[in-house]
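Notes follow once the structure below has been shown.
Residue numbers (my numbering): 10 to 668.
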């Protein structure tokens, strides 16, 4: 069977879903292929507490999802309900609710066709471009076919499509020397607040992969609780080190073994505990997963599942633990109304890190930290998203003497030095292969991926990839040659963030303009001060910057005089040489006036060949009218703000690009 689409997305993770939705909303016939039975990746498989510190940074598509979560709980339980409080504005949710809402988002797009149980077998690259992929059916409903498209997007955690297409990639950890990353390589850090770095932290790289686990949806509600069962291949030796932890006071309850945090309706998102040396992570046992065949991956998945089932059994039943400890642990069981097709256990293994492609840009630890000499993280002219989660990693080794029962190799969090950062388009563009974008297994070091690897981040990168794929098809260009300015225009219009400011409403017209100009170097701190009056010097600097951008080459200079009279008004009598010199005038009158902005905007529109009928665009009209409205004859009130000028300037650039 042969299938043809405009865009094919392989992997229905949140990143893959974001990509498919973006492409379809732009009129592209889109196939979304998923080897598993369930869409949504980790968001529908237990990761119900969003890993992000600032919802606005999550991107338009994730905010859309979060809005649906909030609406769901409000409609079903009432605005004042405990469920609405527990969903935290839509950022916390039950797995079944996430599944329902993601299907609703996909179902609203008639140009998307979803194929589950459909697994990649082979990819065909001709003349440096991905042309086709072949799939097999893993179960009823799956499709064995050859799939052709003009654009492909790899939405898998593992980077499977990229690897099949021959894209070069990295596995494991780089050493500190490779990219000058302070915390790269071998590292023993106490996760407690001190963040003490212990001896043995020598920074060498290796091929070890950070630990995988499952995010458990547990409950103590007896009416909705399924008891924990002993796995057939139970291995008590995996957990006996916890006995000493309990006896010596390092662990007092199940809540100090698992990080059990609430989501609505009395359920949990239970994760690995940062302070416990034997928790739900299983370091050292995922090393063969990424490069393994299907049988080997299934073995690794089964081992992780059995390990975690056995851990719960041990905590509840092992008589070497105190009776009170076991009794408290036994209050917990699986939520009966979740995951009915997999014995109430999450179906998706938490693949925290897969392959990392080699792309047009490599995102490192340094891209998510304060840039030397700037008041923010490094600037990226091609930013398509922002990230707002601390750089971290889970362990790559089990308990060792070097960790002193406080640290595991590779398990760390760098909250105190991570800044909100930009993610450049180049991380999704693979070297050597056209026709493919990779928004999940991005081009990054182990350290860089340690902050990008959150579902909201991947979802917004996926959305950007879907928009970029459409623009590439529209322009008949390889994805690596997409017009970055046009891509950013489209993303900003759709309420995606591409730059963070502490003092800017990112979704306002001025906020969009300031973000765009900020990516080009207009602002070097996290403060744009949009309400402040703009000086003529700053306006001239921004105009010169805009002249270097797509659509801005013909922008005129600002008027050299604030006293340009309209045609038809007699200048005489006057003695110009008796008036203050320009440098003295501007020293005494440093601020841009509304009349100057109005006159400059008219000249700029003429220079750019924009029709008067365009009216300058709604945002620019509003800004210019507001600025001109300041004119009262009182010079102190005839001022233009930074936000107003940026709005006018950005609108001119956009209209010039569209003309």
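From the three backbone atoms N, C-alpha and C, an ideal C-beta is built for every residue, glycine too.
Beta-carbon gap between residue i and residue j smaller than 9 Å
| i | j | result |
| --- | --- | --- |
| residue 355 | residue 55 | yes |
| residue 69 | residue 59 | no |
| residue 508 | residue 431 | yes |
| residue 669 | residue 80 | This structure leaves residue 669 out entirely; the chain is present only between 10 and 668. |
| residue 502 | residue 480 | no |
| residue 37 | residue 444 | no |
| residue 176 | residue 439 | yes |
| residue 524 | residue 510 | yes |
| residue 19 | residue 165 | yes |
| residue 146 | residue 133 | no |
| residue 405 | residue 293 | yes |
| residue 214 | residue 246 | no |
| residue 161 | residue 255 | no |
With 16 other Cβ atoms within 10 Å as the buried cut-off, status of residue i
| i | result |
| --- | --- |
| residue 642 | Any reading at residue 642 needs caution, since the residue's pLDDT is 49, under 50, leaving its predicted position unreliable; the model's value is listed next. It is exposed - the Cβ of residue 642 has fewer than 16 other Cβ atoms within 10 Å. |
| residue 418 | buried |
| residue 384 | exposed |
| residue 534 | exposed |
| residue 158 | buried |
| residue 583 | exposed |
| residue 23 | buried |
| residue 201 | exposed |
| residue 325 | buried |
| residue 467 | buried |
| residue 286 | buried |
| residue 596 | exposed |
| residue 647 | buried |
Through-space distance from residue j to residue i, alpha-carbon basis
| i | j | result |
| --- | --- | --- |
| residue 640 | residue 650 | For residue 640, the predicted model reports a pLDDT of 47, less than 50, meaning its position is unreliable and no value from the coordinates is stated. |
| residue 138 | residue 614 | 41 Å |
| residue 249 | residue 311 | 21 Å |
| residue 454 | residue 374 | 8 Å |
| residue 653 | residue 530 | 18 Å |
| residue 580 | residue 661 | 31 Å |
| residue 587 | residue 619 | 39 Å |
| residue 532 | residue 251 | 52 Å |
| residue 237 | residue 322 | 6 Å |
| residue 66 | residue 72 | 9 Å |
| residue 462 | residue 655 | 33 Å |
| residue 99 | residue 189 | 38 Å |
| residue 302 | residue 336 | 41 Å |
| residue 107 | residue 97 | 14 Å |
| residue 204 | residue 376 | 21 Å |
| residue 291 | residue 90 | 38 Å |
| residue 163 | residue 593 | 60 Å |
| residue 111 | residue 27 | 10 Å |
| residue 658 | residue 187 | 41 Å |
Neighbourhood of residue i by C-beta distance below 6 Å, restricted to the same chain and skipping five residues each side
| i | result |
| --- | --- |
| residue 156 | 12, 17 and 142 |
| residue 459 | 400, 401 and 402 |
| residue 612 | 565 |
| residue 206 | 198 |
| residue 318 | 240 |
| residue 6 | This structure leaves residue 6 out entirely; the chain is present only between 10 and 668. |
| residue 211 | 195 |
| residue 513 | 520, 523, 537 and 539 |
Backbone secondary structure at residue i - three-state DSSP
| i | result |
| --- | --- |
| residue 579 | coil |
| residue 74 | helix |
| residue 21 | coil |
| residue 198 | strand |
| residue 699 | Residue 699 lies beyond the stretch modelled for the chain, which goes from 10 to 668, so this question has no answer here. |
| residue 657 | helix |
| residue 685 | Given a span of 10 to 668 for the chain in the structure shown, any question on residue 685 remains unanswerable. |
| residue 11 | strand |
| residue 143 | strand |
| residue 458 | helix |
| residue 130 | strand |
| residue 600 | strand |
| residue 302 | coil |
| residue 269 | strand |
| residue 216 | coil |
| residue 192 | coil |
Proximity test, residue i beta-carbon vs the ligand ADP heavy atom, cut-off 8 Å
| i | result |
| --- | --- |
| residue 364 | The ligand ADP is not part of this structure, which contains no ligands at all. |
Nonlocal neighbours in the same chain, by C-beta distance under 8 Å from residue i, ignoring five residues either side
| i | result |
| --- | --- |
| residue 30 | 70, 114, 115, 118, 121, 472 and 475 |
| residue 365 | 168, 178, 179, 180, 450, 451, 452, 453, 454, 455 and 458 |
Same chain, Cβ closer than 7 Å to residue i, five either side skipped, listed in chain order
| i | result |
| --- | --- |
| residue 436 | 368, 370, 372, 451, 452 and 453 |
| residue 667 | none |
CB contact below 9 Å: residue i versus chain C
| i | result |
| --- | --- |
| residue 303 | Protein chain content of the structure displayed is limited to a single chain, and chain C is not contained in it. |
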